[in-house]
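Novice:
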Amino acid sequence: MFVEYTWLIPLVPMLCFVIVGFFGKKMPEGGGHVAIFGALFAFAVSVLVAYEFFTSAAYSAPGYVTAQIAWFSIGDFGINVGYYIDSLSCLMMLFASFISTLIFVYSIGYMHGEGVKKRRYYAEVSLFLTGMLGLAVSSNFLEMFVFWEVMGLCSYLLIGFWSFTHPSGDDAADNAASAAKKAFLVTRLGDVCLMGGLFILLYAFGSLDYLTVFDTAAMAAVDPNMVLLASLLIFGGVIGKSAQFPLLDWLPDAMAGPTTVSALIHAATMVKAGVYLVARCFPLFTQNPELMLFVGIIGGITAFFAATMALNNMNIKKVLAYSTLSQLGYMFLALGAGGYMMALGIQSGDTHLIAAGAVGYTAGCLHMANHAFFKALLFLGSGSVIHSAGTEDMREMGGLHKKMKITSVTMLIGSLSIAGFPLFSGFWSKELVLETAMHAGSYGVEGYLFTAMWVLAVVTAFMTAFYMFRMWFMTFKGKPGHGTEHCHGESPKSMTVPLIILSVFAAAVGCMILFGFDEYITTGINAAGQFQVGSGHGHGMTGWLEDIFMSAYTYLTVALVLIAIGIAYLMYSRKSVDPGKINRNGNSLIYRALSNRWWFPQLYNQIGWKLGYGVAKGVEFVDRQVIDGTVNALSSAVVGSGESLSKTQTGNVRDYAAVVMAGIVALFILTVVLFYLMGGA
Amino acid sequence: MIFDSSVVTAIFGQFAPLAPMIVLIIGALILPAVFFSTKRREAVTAVSMAVIAVSLLFNILMMVDGYQGEYAGLFSYDAFAGIMILLFQVVIFLAALVSVSSSETTRMHYGAYNSLLLAASVGMMFVATASDLITIFLGVELASIMSYVLVAMKRSDPRAAEAAVKYVIIGGLSTALTLYGLSMLYGVAGTTNIADIAASLSTQEFSWAFGIAMITMIAGYGFKVAAVPFHMWAPDVYEGAATPVSMFLGTGSKKVGFVALFKVFLVIFVAANATASFATEEIQYVFAVIAAITMTVGNVVAISQNNIKRMLAYSSIAQAGYILIVMAVMTEYALASGMFHMFTHVFMKGGAFLVVGALITVGIGEKISDYRGLAKRAPLIALAMAVFLFALAGIPPLAGFTSKVFLFSSAIYDNGVMTQWIWLAFIAILNSAISLYYYMRVVKAMFIDRGETSERIKIPRTFAAAVAICFVFVCVLGVFPQLIMDFCADAASVLFG
């Protein structure tokens, strides 16, 4: 009775976008309250839909509910539009709408001084939320792709929000403009792959509906190479959207937008779309263990590299951005390792292996939900700090704990959670990620690669704890800096209340989901032989506790985390160890490598700017000069008799005509060659 | 029901298949008189709008009613002719509507200017209804000769004169080539009627005389559609001509070439292909190679353009490359998708040209750098421009995305079988990714760069109305493609018999 109204979930934020866009100027706070209403409404409907979905036997037996109407059709294939609800979409729409509501409430305080531009802000974030919710409930790939692109467009607009007048001056405004462009173009590169993947799916399955594509019988009837190619291309789209190696460069730059936008992009929307898509495409991806291996390796490498870049960054938002990349890497590692085992299990018919793989799926989804909460908390907290200290440079902060108690304590909770401190949310999911990676290492021919990824992931866990606490100590402890003196106390209520709510979730949501709802976020093959989200078996509270605490590796990671926090304390709070000594005052090679992001941006510039623009220039040169030049010579032969005539015309037209003639000669040669090669005539 | 095609047959009798054109010809004849008697541009535009509206009404009546008829074995009106006439009517409507307030159009010869516009569109519609090689040739020539004059009519700008001369010379060359090809084809088939040519060819084997006819005709019509390497006139002409004329050439005149290609090649090949002796696969490959080169050159060269009209010209070349996919794939589905893309292209590219024309009229230059800070000066126009450019780049859910999905998927998938043109589809997808880069430069200039002033701009009302029409269709066709797509599917099935 509520599920039929699922379409309201993306529609109401969409209407809010229209209303705010047109009438926001006349509303108080630029229409911010309308945006909040839209998000809150979407959350309320999501709760009702999820409640009905989980409690009604009619839905929980097949594990999904879907309804579609025809959108358009051409020839023998039709594209539908509709909704597809299973526990994965429920999870996604619940946390996306909930966190967005809090972020919008927070924005009322944070964006208060923006004047008339608030209208644009609230309109765009509403549309952004539409994109994410639409993506979560879509019933086919094309519909999903439309929302996917809507989000890309919104991120472009929002990252460039301060491009006219940045609070930190003109240089920052130019940065915002180029960062926005970079984000759009880089994610577009991925989108091209995704679109290619969709075409392959359409060709292979004759339909883009989830129901058809994920059907086991249909999958078996399709050429396996097509499935592999489509999966690879879809994952290419994911790499772009979720900023995975090697397309990870845009996300740190995207910090140029308002902090609330960063929170939205990193926590609730955008980058999570990639994780969602991999989880959604599990039936497709698990057809090939090699593909899942690839997913896992990309995830592991990103987790490691992004964490190293965060180690010495001085900008509070950039540290958080790198940590997002790193945590996303964890999610892909978990999904990849779980999917790898599941794929092997499907090939050999080993149900134990499939069940072991399902743990990876659970770990990936759980980490996605956990990360949404603690990363939203951390970004909003850092926004609160920036709002009152007026700087993003952590060297100018310090000692803020005394002035901003609520922000300080809530951010401490977020840091503990992301660092994987025992019993906090992040701890449960991170341990499961590591366990899956370790487990996957002992299966299959290439399994040892997962063992290598496990090593990287453990080192990453150490680094995560270090840089998060380095951030916390530099900001809130130690000697007061320039910005601290400027600080005028705690932020307004509209900002601190969302922080407090989020900190409760950041601390506890992990074990709540894991112990209470684990059977919903697992996956497996049901009695009908179909993939079904939620058809695996929950381990239950004791099961998970046993899994985690009976393993020696858990204690290894916990010890590393504690040591990392200790080192950060000594370096940045007690100051008894001087970080300058270790990095030779910023001159050591490794320090420079990290500050230059391992020279990735330069690499992109070389490839993108020099190569792309160079090729364009070159082609124009060839088009206008070389061809003309060659043809000039040719033309006297081809249009020999026209020589005297052509002197009366401009040289250019003669060239154009000559190109036409040369083109005909080329066409003739091409035709002859084709006929010769293909054996016609 | 009173309003159906019987109204048309009652008025026009045996000339009913030509009704939309006859109305326009009458209009073209009276417009100079209107101008000389009133000396007011508004009066001329009002009359030509009325004439186009009547013609549009007749055509829609005939289309919706499924009217079919033929005249003298030279013209035949069917679903294909109907939808293509509709396309040309939309183009001419937009062009005539904005000409009145554009600062680039002639003041002295405004009556003649309008009648030339109408006459050119009549030529285009002749091609759409033609069932004989002679009428196709005449229609194309009528449209071309009028276009030469229209380009030259911007007398204040020396670039226009240069462009017109170039256009005439290259146009003459391509006419000669086309005529040569047509006569070769006549020599091979012994008839000029398209259906008879198909029947005649299906009884014989491939001959080199036919091969030469084909190559020269590809070159001749390749000039109209601005396919590489017959494209070099296009940037100069689009840049030199008055912007409403550029829009007319880029969206209307280009499509004439496609209609002629569809008529001559698709009809003949599909009929002839039925016999095993006359295989056309090699010719499909020729078109595939041209399509790939055209879209790549168009997109890549557009990157380094700084004049927005030149950039749009190269992007038109690229779009022509996409539509040429139809000629390579040669399926009914591809043809329907290609026609749908031609329609969306009218609104996307037409809209972009109209915005450029409106801005030139209010004194903003043609350089991309002149567009800096436009979002502050004219927010709605900047938004419309961004939507047109995003649609051209294929961002969902705009029209360009939907039509590209149709078009590219037609190269991949045909009745459940993978076609051999999948590589072409991938080149096209890659190309549309490249194209985003140069469209983004304009969007960035408008929305992100700071302009020198933030003074508000007032756009002339007719421009605003035309841009609004394009904007609505770009959005609506993206979400409800069925609106036009059904007609395109009917038209395609007519052409494939």
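Those sequence lines, one after another, are chains A and B. The working numbering numbers the first residue of the first sequence as 390 and each following residue consecutively. The working numbering numbers the first residue of the second sequence as 40 and each following residue consecutively. Cβ atoms here follow ideal geometry from the backbone N, Cα and C, with glycine treated the same way.
1. Just reading off the alpha helix (DSSP H) that isoleucine 954/A is part of, what are its end residues?
2. What are the complete alpha helix (DSSP H) segments, minimum 4 residues, inside the segment 396 to 428 of chain A?
3. Can you list, in chain order, the residues of its chain with a C-beta nearer than 7 Å to that of leucine 534/B? Leave out the 5 residues immediately preceding and following it.
4. In three-state terms, what does DSSP make of threonine 455/A?
5. For asparagine 614/A, count neighbouring Cβ atoms within 10 angstroms of its own Cβ and tell me buried if that reaches 16, exposed if not.
6. Please report the distance separating the alpha-carbon of methionine 1108/A from that of alanine 896/A.
7. Under 7 Å Cβ to Cβ from glycine 689/A, same chain only, skipping five residues before and after it: list those, please.
8. With contact counted as at least three CB pairs below 8 Å, one residue from each stretch, are the segment 792 to 801 of chain A and the segment 511 to 524 of chain A in contact?
9. Under DSSP, the alpha helix (DSSP H) around tyrosine 106/B begins and ends at which residues?
10. Exposed or buried, what is tryptophan 639/A when buried is set at 16 or more other beta-carbons lying within 10 Å of its beta-carbon?
11. Below 8 Å, how does it come out for the segment 475 to 484 of chain B and the segment 393 to 401 of chain B: are there three or more Cβ pairs, yes or no?
12. Going along chain B in order, which residues have a C-beta closer than 7 Å to the C-beta of isoleucine 548/A?
13. Using only the alpha-carbon positions, how far apart do leucine 218/B and leucine 673/A sit?
14. How would you write the range of the beta strand (DSSP E) that glycine 913/A sits in, first residue to last?
15. By DSSP's criteria, glycine 467/A is part of a beta bridge. Which residues make up the other side?
16. Looking at chain E, which residues of the segment 496 to 519 of chain A have a Cβ within less than 8 Å of any of its Cβ atoms?
17. Mind checking who asparagine 232/B pairs with in its DSSP beta bridge?
18. Pop quiz: tyrosine 511/A and alanine 424/A are said to be a contact at Cβ under 8 Å. What is the actual Cβ separation, rounded to whole angstroms?
19. Anything in chain A within Cβ reach of tyrosine 452/B, meaning under 7 Å, just list it in chain order.
20. Counting only Cβ pairs nearer than 8 Å, list the residues of chain A close to isoleucine 537/B.
21. Using a Cβ-Cβ distance under 8 Å, would phenylalanine 530/A count as near chain B?
22. Apart from the five residues just before and just after valine 966/A, which ones in its own chain have a Cβ nearer than 7 Å to its Cβ?
23. Can you list, in chain order, the residues of its chain with a C-beta nearer than 8 Å to that of glycine 770/A? Leave out the 5 residues immediately preceding and following it.
24. Are there 16 or more other CB atoms within 10 angstroms of the CB of valine 103/B, so buried, or fewer, so exposed?
25. DSSP three-state label for valine 1071/A, please.
26. Going by alpha carbons, who is nearest to leucine 653/A out of Ser489/A, Ala854/A, Glu532/A, Phe442/A?
27. Would you kindly check if the distance between the Cβ of threonine 145/B and the Cβ of arginine 198/B is under 8 Å?
28. CB valine 154/B to CB methionine 101/B, shorter than 8 Å?
29. According to DSSP, which residues form a beta bridge with asparagine 529/A?
30. Short of 7 Å in beta carbon distance, which residues of its chain neighbour valine 511/B, apart from the five on each side in sequence? Order them along the chain.
31. Check whether the Cβ atoms of methionine 381/B and phenylalanine 297/B lie closer than 8 Å to each other.
32. Under a three-way DSSP split, which group does phenylalanine 536/A fall into?
33. Residues of chain B with a CB under 9 Å from the CB of glycine 663/A: which are they?
34. Could you tell me whether the Cβ of tyrosine 453/A comes closer than 8 Å to any Cβ of chain B?
35. My output table needs one value for valine 401/B: the three-state DSSP class, helix, strand or coil.
36. Spatial neighbours of alanine 732/A within its chain, please: CB distance less than 6 Å, with the 5 preceding and 5 following residues excluded, ordered by chain position.
Specialist: Taking the definition as stated:
1. 941 to 958
2. 397 to 412
3. Phe119, Phe301, Leu305, Val306, Leu374
4. strand
5. exposed
6. Outside the shown range of chain A (390 to 1070) lies residue 1108/A, about which nothing can therefore be said.
7. Gly718, Leu722, Met842, Leu845, Ala846
8. no
9. Where tyrosine 106/B is concerned, there is no enclosing alpha helix (DSSP H), given that its DSSP letter is neither H nor E.
10. buried
11. no
12. Those within 7 Å of isoleucine 548/A in chain B number zero; the least Cβ separation is about 10 Å.
13. 55 Å
14. 912 to 914
15. Ser462/A
16. Any reference to chain E falls outside this structure, whose protein chains are A and B.
17. Asp171/B
18. 4 Å
19. Leu591, Tyr592
20. Outside the shown range of chain B, which is 40 to 536, sits residue 537/B, and nothing can be said about it.
21. no
22. Leu959, Met960
23. Thr796, Thr799, Met800, Gly803, Leu888
24. exposed
25. Since the displayed chain A opens at 390 and closes at 1070, residue 1071/A lies outside it and no answer follows.
26. Ser489/A
27. no
28. The sequence shown places serine at residue 154/B, rather than the valine named in the question. Contact: no.
29. Asp598/A
30. none
31. yes
32. helix
33. The premise fails here: glycine 663/A is roughly 18 Å from chain B at the closest Cβ pair, so nothing lies under 9 Å.
34. no
35. coil
36. Thr675, Pro678, Met681
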